[in-house]
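Single-structure report; data block below.
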DNA sequence: CTAAAACTTCACACCCATGTCAGGGTCAAG
DNA sequence: CTTGACCCTGACATGGGTGTGAAGTTTTAG
C-alpha cells in the first residue's frame, strides 16, 4: 500500500507517517520512483505508535521500546526497566486523570441547567 | 502570601503563577510596591488549575470553566455543555490510556528478564 | 542604612508532533 | 502522450505551557 492508503487506514496524516519513518519507528520500501510502499502489517504498527504517542511516550522512547515487539532477542534488564518505568508513568497519569474527572463530574453535577 | 510562598506551596513555578494570572485564571492583589499577594485559598485554586491543565484543558477553556466554581449565577446551558464535553473528552482519554497501559503491561510481561 | 533575597516586567527560547506550502517527480487511466 | 491524482523533499510555522536571563524595584534581615 502507498502512503495515502496507510494514512486512510490509520487516520495518521501522511506527514506523520513520514515523520515516524524519519524517527525510525516505521519502515517502508520504495518503488523505482522513490514512493513509499508499506506491507499490511504497517497498519497495526502505526496504530501502536499512535497509542504510545498519545500515552505520552516521545518518539525516542518509542524507538527504544518498539523493536522488542518483533525481536525477542534484545531482551535486556535495561529494556525491562525502561518499560516498567513507562508503565508506572502511564499508571500515575491515569490515576491523576481519574481524579480530575471526578472534579469535572462534580462541576457538571453542580452546574447542570435543570 | 507572596508569589514565592505560593510557588512553594503548590509546586508551580513563579513563572507559571504569573502566566495563570495573565490568562485570567488566578487573581492577586498588589502591595504598594507592586508585588503580588495571594489569599490562602489560592493554594487550592492553583492545584485545581494544575489538575485541569494536566488533563489537557487549555487555559482558555479553564478560564471559561473555572469561574463557575465561585459563582453559581453563571450557570448556563452553554457552560453545562462545555463541561460535559470536556468530561467526555477526559473519559475517552482515560479509556485510551487504559488500553495503552495494557499494551505496555503486556510488553513488560514478555520482556521481563527473568 | 545597607546588603541580600525576593520580586517586577519584558522578551526570547524550547519542545515536538503536526500543519502547510513550494517546487518538482511518479504513476495509472484514457 | 497527456492528464490528474498522488507522492517526494525541504523548510518554515504553530501551539501553549514553561524555562531563562536581563535590568530594574521592593522587601526584609542585620
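Protein chains in written order, with this note's numbering: chain A, 61 to 174; chain B, 61 to 174.
Beta carbons: idealized from backbone N, C-alpha and C, even for Gly.
Quiz item: Where does residue 146(A) land, buried or exposed, given buried means 16+ other C-beta within 10 angstroms?
Solution: Buried: at least 16 other Cβ atoms inside 10 Å.
Exercise. Note down the Cα distance separating residue 115(A) from residue 67(A), rounded to an integer number of angstroms.
Key: The C-alpha of residue 115(A) lies about 20 Å from the C-alpha of residue 67(A).
Practice problem: Return the residues of the segment 145–168 of chain A that lie within a Cβ-Cβ distance of less than 9 Å from chain B, sorted by chain order. | Solution: Using a CB distance below 9 Å, the part of the segment 145–168 of chain A facing chain B consists of 146, 147, 150, 151, 153, 154, 156, 157, 158, 159, 160, 161, 163, 164, 165, 167, 168, ordered along the chain.
Quiz item: Which of helix, strand or coil does DSSP assign to residue 119(A)?
Solution: When DSSP states are grouped into helix, strand and coil, residue 119(A) belongs to the helix group.
Quiz item: Taking 9 Å as the CB-CB cut-off, is residue 115(A) touching chain B?
Solution: Interface annotation, residue 115(A): in contact with chain B, CB-CB separation under 9 Å.
Quiz item: Taking 9 Å as the CB-CB limit, is residue 125(A) close to chain B?
Solution: Closer than 9 Å: yes.
Quiz item: What are the start and end residues of the alpha helix (DSSP H) that includes residue 74(A)?
Solution: Residue 74(A) -> alpha helix (DSSP H) spans 74–82.
Quiz prompt | Alpha-carbon to alpha-carbon, residue 94(B) and residue 144(A) | solution = Taking C-alpha positions only, residue 144(A) is separated from residue 94(B) by approximately 48 Å.
Exercise. Using a Cβ cut-off of 9 Å, pull out every chain A residue sitting near residue 86(B), in sequence order please.
Key: For residue 86(B), none of the residues of chain A pass the 9 Å Cβ criterion, the least Cβ distance being about 17 Å.
Self-check item: Per-residue contacts from residue 111(B) into chain A (C-beta, under 8 Å)
Solution: Neighbours of residue 111(B) across chain A, judged by C-beta separation under 8 Å: 156, 159, 160, 163.
Exercise. Answer with yes or no whether the minimum CB distance from residue 77(A) to chain B is below 9 Å.
Key: Not one chain B Cβ lies under 9 Å of residue 77(A).
Practice problem: Could you have a look at residue 170(A) and say whether DSSP puts it in helix, strand or coil? | Solution: Looking at residue 170(A) - three-state DSSP - the assignment turns out to be helix.
Exercise. Please check if any C-beta of chain A sits within less than 9 Å of the C-beta of residue 108(B).
Key: It does; some Cβ of chain A falls within 9 Å.
Exercise. Can you tell me which of the three DSSP states residue 62(B) falls into?
Key: Shown here, residue 62(B) sits in coil according to DSSP, grouped into three states, outside any helix or strand.
Quiz item: So residue 104(A) is in the alpha helix (DSSP H); what residue range does that whole segment cover?
Solution: Taken as a continuous stretch (DSSP letters only), the alpha helix (DSSP H) holding residue 104(A) covers 101–114.
Quiz item: Under a three-way DSSP split, which group does residue 145(A) fall into?
Solution: In the structure shown, residue 145(A) sits in a helix (DSSP, three-state: H, G or I).
Practice problem: Count the other CB atoms, across all protein chains shown, that sit within 10 Å of the CB of residue 73(B); report buried if there are 16 or more and exposed otherwise. | Solution: Residue 73(B) comes out exposed.
Self-check item: Classification of residue 170(B) by the beta-carbon crowding that lies within 10 angstroms, buried from 16 upward
Solution: Exposed, because fewer than 16 other Cβ atoms sit within 10 Å of the Cβ of residue 170(B).
Quiz item: Smallest Cα separation from residue 113(B): which of 88(A), 168(A), 164(A)?
Solution: Measuring from the Cα of residue 113(B), the nearest candidate turns out to be 164(A).
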